[in-house]
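K.L.:
First the structure, which I've put down as structure tokens, then a few questions once you've had a look.
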Amino acid sequence: MNPIPDYLQKNLAVLFVGFNPSIRSSETGHHFANPNNRFWKILYESGLTPRKLQPEEDYKLLEIGYGMTNIAARPTKAADELTKEEYHLGRELLKKKIKKFAPKIVCFVGKGVYQEYSRKKEIPWGLQGESVIPGTLDFVAPSSSGLVRIKLDEIIEIYKQLAVLKEKH
Numbered sequence: 059m060n061p062i063p064d065y066l067q068k069n070l071a072v073l074f075v076g077f078n079p080s081i082r083s084s085e086t087g088h089h090f091a092n093p094n095n096r097f098w099k100i101l102y103e104s105g106l107t108p109r110k111l112q113p114e115e116d117y118k119l120l121e122i123g124y125g126m127t128n129i130a131a132r133p134t135k136a137a138d139e140l141t142k143e144e145y146h147l148g149r150e151l152l153k154k155k156i157k158k159f160a161p162k163i164v165c166f167v168g169k170g171v172y173q174e175y176s177r178k179k180e181i182p183w184g185l186q187g188e189s190v191i192p193g194t195l196d197f198v199a200p201s202s203s204g205l206v207r208i209k210l211d212e213i214i215e216i217y218k219q220l221a222v223l224k225e226k227h
């Protein structure tokens, strides 16, 4: 299995952070490549991208001020296959990336990703009251996985809050 590249640069409007690459993402080398994952549809329908991008266009997010990374690099079928050690290492690496690249907003694609990162238990959707890294806003959105039981319309509404927040900052 191959890791997939981060897309990072200084002063991003939004850095999207997922759990880890899927098997399909590892095979293709692109983020959110599983056909059951709705990430690209959600970004478009929430107004965060001008059109629905394809996974092989993931690098184009940098052109509009967005970046991508994961809390863990090892591809798996499901996030629950990751070990505590992988999360610990990933949390520390992610903190370093956020400090170095200083995105305005970090959007955690899944409440579990933010729980692993922040070590907090009770987490609301949307903008968090206090960020882990000062100077960067933490935003928690539902996972875009097809396994998530939240209705797609509700997920898109939460991502629309991110679009509004991005315009303000």
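Per this note's numbering, residue 59 is the first one in the sequence shown, and the count goes up by one each step. For glycine and all other residues, C-beta sits at the position ideal for the given N, C-alpha and C. If you're wondering where the values come from, they're calculated on a predicted model, not measured in any experiment.
Could you tell me the boundaries of the alpha helix (DSSP H) in which Leu210 lies?
P.N.:
Here residue 210 corresponds to residue number 152 of the sequence shown, with the count starting at 1. Segment Leu210 to Lys226, the alpha helix (DSSP H) holding Leu210.
K.L.:
Rounded to a whole number of angstroms, what is the C-alpha to C-alpha distance between Pro182 and Ser201?
P.N.:
Sequence index remark: in the sequence shown, residue 182 carries index 124 (1-based). Sequence index remark: in the sequence shown, residue 201 carries index 143 (1-based). If I take the Cα positions, the gap works out to 14 Å.
K.L.:
Use the C-beta contact count for Glu204: other C-beta atoms within 10 angstroms, 16 or more gives buried, fewer gives exposed.
P.N.:
Position 146 of the sequence shown, counting from 1, holds the residue named residue 204. First, the amino acid is wrong: residue 204 is Gly here, not Glu. Classification of Gly204: exposed, given that the 10 Å Cβ count is below 16.
K.L.:
Of the choices Pro63, Phe97 and Arg109, whose alpha-carbon is the least far from that of Ile129?
P.N.:
Locating residue 129 in the sequence shown gives position 71, where the first residue counts as 1. Checking every option, the nearest Cα to that of Ile129 belongs to Pro63.
K.L.:
Quick one: complete alpha helix (DSSP H) runs, 4+ long, within the stretch 63-102?
P.N.:
If we require 4 residues or more, the alpha helix (DSSP H) runs fully inside the stretch 63-102 come out as 81-86.
K.L.:
Given this structure, state the Cα-to-Cα distance separating Lys157 from Asn94, to the nearest angstrom.
P.N.:
If you number the sequence shown from 1, residue 157 lands on position 99. If you number the sequence shown from 1, residue 94 lands on position 36. For Lys157 and Asn94, the distance between alpha carbons rounds to 32 Å.
K.L.:
What is the rounded straight-line gap between the Cα of Pro133 and the Cα of Phe90?
P.N.:
Working through the sequence shown from its first residue, we reach residue 133 at position 75. Working through the sequence shown from its first residue, we reach residue 90 at position 32. Cα-Cα distance, rounded: 12 Å.
K.L.:
Run through DSSP, which three-state label would Gly148 get?
P.N.:
Here residue 148 is taken as the residue at index 90 of the sequence shown, counted from 1. DSSP places Gly148 in helix when its eight states are reduced to three.
K.L.:
Can you tell which of Thr194, Ile213 and Lys99 has the C-alpha that lies nearest to the C-alpha of Gln112?
P.N.:
What you label residue 112 is simply residue 54 of the sequence shown in a count that begins at 1. When each option's Cα is compared against that of Gln112, the closest is Lys99.
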